[in-house]
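Taking it in order: structure first as structure tokens, then the write-up.
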Amino acid sequence: MKTSILLTVAVCLLFLAGNVRSQEITGKNTALLQGSATVISTPDLYELTSKWVSEYNPLNPGKNMMVIKAANNSVELGASGNLSFITNKSSAVIDNEKSWKMVVGRDVIVPVMNAENPFLQEIEKQGVSPASFARIFNSPEKQDWGTLVAKGQNSAIHLYLVGDESIKTSVAKFLQLTQIPLNGIIIGTKDEVVSAVQNDPYAIGFCKFSDILITDKQGMAENIRLLPIDKNGNGTLDYMEDIYSDANAFFRGLWIGKYPKTLYSNIFVVSTMPPTNETELAFLSWVLTDGQKYMNSSGFCELADSESLSQLEKINTAVISVAALNDTLHTGFILLVLAVFLALNLIIGAVVRSYRKRENVIPDLSVQPQSFTEEAVILPHGLYFDKSHTWAFMEKDGNVSIGIDDFLQHITGPVTCVEMKNPGMKFKKGDPLFSIIQSGKQLSMYAPVSGAIVKQNEALAADPGFINSSPYSEGWVYRIKPSNWDREIRFLDMAEKYKRWIDNEFSRVKDFLAATLKPESLEYSHVVMQDGGLLKDGVLADFGPEVWEDFQTNFLDYYK
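Our numbering applies: residue 16 is where the sequence shown begins, and numbers increase by one.
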């Protein structure tokens with residue numbers, strides 16, 4: 016009886032697949048196919064949003080975007096599902112757990128100093144704590160470099176602040192003051208403040224990060240340096256605070272939460288529901304890629320490259336889903352495939368049941384979560400391993416293959432992208448050589464030996480999963496021409512010795528997770544604790560970029 020019902024369903028699906036092409040899309044689906052869409056912008060983002068729309072429309076005929084300016088900065092989401100661009104100053108919308116939201120940029124305020132400041136090295140080593148900033152702002156008698164550094168003596172600090180009200184409010188919150196005091200502080204335009212700091216070795220200024228960025232180069236204005244912030248106030252710039260060396264490091268530090276939250280606000284696109292309109296999705300994809308370059312000219316900061324990639328993957332998934340939904344021919348094909356699949360499933364199921372009856376096989380329906388143990392690590396003989404979790408193997412032609420070890424691919428889980436250097440590039444042992452990425456989170460891998468890249472594994476571009484399934488064969492990353500092979504392999508380990516070291520790495524990973532994450536947090540539940548504490552296979556996959564950053568520092572940079 017059950018089989019007859021399923022066969023009837025299959026026949027109905029086949030009939031529906033044959034007739035669906037003649038049906039016209041009506042109602043909501045008609046809206047999805049329209050070639051225009053409207054977005055709403057709060058007044059503080061209207062210039063940026065309008066710029067995006069004006070640049071996007073000529074490049075995308077047939078996908079016209081329009082922008083409406085909201086009455087104030089506190090928009091309310093209606094039932095229409097329109098996209099709205101807001102900052103997290105509209106806390107009611109951002110805090111609403113039922114709303115859909117995605118970060119597309121940031122508004123960032125930074126302290127800056129002159130690159131020729133006589134105390135630059137000491138400041139970059141120890142940073143300046145929020146409490147120290149508050150002292151020099153709140154007390155004119157303490158506005159000297161001796162308040163910040165031991166060698167400052169009586170050299171006066173010249174304080175500059177851009178007169179924008181939003182900047183004043185953010186800086187006051189950062190300093191935990193009700194308002195910015197006027198004594199000893201020079202208020203000016205963004206150009207005046209930047210120019211003053213450029214020409215005054217004893218100056219400190221607060222301005223927007225976009226005010227000091229050089230468009231398209233992601234470098235900073237001449238003679239300007241970011242003034243590092245010692246967030247925890249321990250008198251030294253810890254690795255978790257060291258994000259001020261260049262613009263890219265700073266962007267990434269913003270993404271993973273290393274910068275004081277009072278000094279920046281996120282730019283969100285929000286809606287009552289995830290977007291399904293093809294025109295809206297195409298526009299958001301453009302905003303996350305080509306549209307990022309218009310952030311700076313509008314006074315805002317673009318996302319880190321890895322963060323844009325992570326957000327873009329979400330959008331691309333939605334684009335594919337909506338395209339399939341709206342293509343009636345493709346819909347018919349899907350239904351046809353489903354019908355065929357159902358029919359085949361009936362046939363295969365009957366064969367399997369018959370086989371099990373003959374063999375008296377009772378299937379085990381319990382699925383246990385996979386754990387990762389020392390015994391599971393594969394370490395082939397003949398390969399040389401480096402403590403940065405890479406390997407090297409000399410091929411018959413004298414070139415050397417390079418990749419990551421099995422331990423690391425088990426720790427990270429599925430790799431979604433591999434960033435590789437171009438053939439011909441020369442490098443030394445310990446230089447950054449490639450990056451493995453998982454949904455925007457990444458680890459930088461270092462060269463186990465010196466040489467020059469002869470060939471990159473092009474198969475990884477199409478299927479990065481080879482890194483996980485075959486890290487020592489199909490998952491190789493480079494073929495290189497070694498430049499100091501005989502000497503450098505003395506510092507590498509073969510399988511048996513490396514295995515003993517890997518056993519110790521298991522203990523370090525467990526200690527790292529226990530120290531980094533609060534045991535009572537939901538995140539910690541991803542670490543399988545059985546029989547003394549087993550690691551879940553792909554234990555890093557469910558964690559955010561800040562944990563990956565710490566893993567990079569503690570396990571890959573540690574032995575560099």
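From the three backbone atoms N, C-alpha and C, an ideal C-beta is built for every residue, glycine too.
It should be emphasised that the depicted structure is a prediction, and the values quoted were computed from it without experimental measurement.
Residue i to residue j span [Cα, whole Å]
i    : j    : result
R240 : G413 : 46 angstroms
E237 : S210 : 10 angstroms
N97  : S286 : 6 angstroms
E100 : S465 : The sequence given here places Phe at residue 100; Glu does not occur at that position. Roughly 48 angstroms separates the two Cα atoms.
F315 : N437 : 32 angstroms
L549 : V524 : 11 angstroms
M128 : W270 : 23 angstroms
V554 : D526 : 13 angstroms
P243 : S69  : 37 angstroms
V164 : A218 : 14 angstroms
N103 : Y513 : 49 angstroms
S484 : Q424 : 9 angstroms
D518 : E390 : 9 angstroms
L74  : W67  : 11 angstroms
V562 : H404 : 18 angstroms
A503 : I419 : Reading off the sequence, residue 503 comes out as Glu, not Ala. Answer to the nearest angstrom: the Cα atoms are 18 angstroms apart.
I202 : E112 : 39 angstroms
Cutoff 8 angstroms; reference residue i; Cβ partners in own chain excluding five residues on either side
i    : result
G50  : G77, K78, N79, T294
I182 : I124, L176, F221, C222, K223
I138 : M128, N132, L163, V164, L242, P243
N88  : T57, P58, D59, I101, T102, K104, S105
Q213 : N129, A236, E237, N238, I239
Cβ-based neighbour list, residue i, same chain, cut-off 7 angstroms, excluding 5 preceding and 5 following
i    : result
S454 : S325, E328, T431
F481 : A474, L475, E489, G490
E434 : F449, S450, I452
S144 : D245, G248
I330 : L296, L299, S300, L303
D159 : G167, N169, S170, A171, I172
Sequence-distant residues of the same chain with beta carbon closer than 6 angstroms to residue i, five excluded per side
i    : result
Q194 : A187
V177 : K205, V208, C222
F224 : V123, V125, C316
D421 : V392, I393, P486
P560 : I271, K456
I258 : A264, F265, G268, K273
D401 : P463, L507
Y61  : K84
S37  : Caution applies to S37, whose pLDDT of 38 falls short of 50 and renders its modelled position unreliable; the model cannot decide the point.
Which of helix, strand or coil DSSP assigns to residue i
i    : result
I101 : strand
H396 : coil
F558 : coil
T405 : strand
Q457 : strand
A244 : The sequence as given places Ile at residue 244; Ala does not occur at that position. The answer is strand: DSSP assigns I244 an E or B state.
G250 : coil
K116 : strand
N79  : strand
D565 : helix
F387 : strand
L550 : strand
P290 : coil
I271 : coil
K411 : coil
K166 : coil
N129 : strand
G480 : coil
L228 : strand
L571 : helix
Sheet register partners of residue i (DSSP bridge)
i    : result
R121 : N281, C316
K441 : A467
A171 : D159
W516 : According to DSSP, which records beta bridges pairwise, W516 is partnered with nothing at all.
V90  : None; V90 has no bridge partner.
E450 : Looking at the sequence provided, one finds Ser at residue 450 rather than Glu. E434, S459, per the DSSP bridge assignment.
D508 : F400
R494 : S416, K470
S51  : N79
I200 : L174
I219 : M128, L174
V209 : V209 pairs with nothing; no bridge assigned.
CB-CB length for residue i against residue j, believed under 8 angstroms
i    : j    : result
L398 : Y493 : Contact flag wrong, Cβ pair sits at about 14 angstroms.
Q457 : S323 : Actually they do not touch by this definition, with Cβ atoms about 13 angstroms apart.
F283 : V118 : 6 angstroms
A556 : T427 : 7 angstroms
is_contact[residue i, chain B] using C-beta, thresh 9 angstroms
i    : result
R267 : As a matter of chain content, chain B is missing from the structure shown, which is built from one protein chain.
The ligand MG heavy atom lying under 8 angstroms from the CB of residue i
i    : result
F100 : Although the ligand MG was asked about, the structure shown includes no ligands whatsoever.
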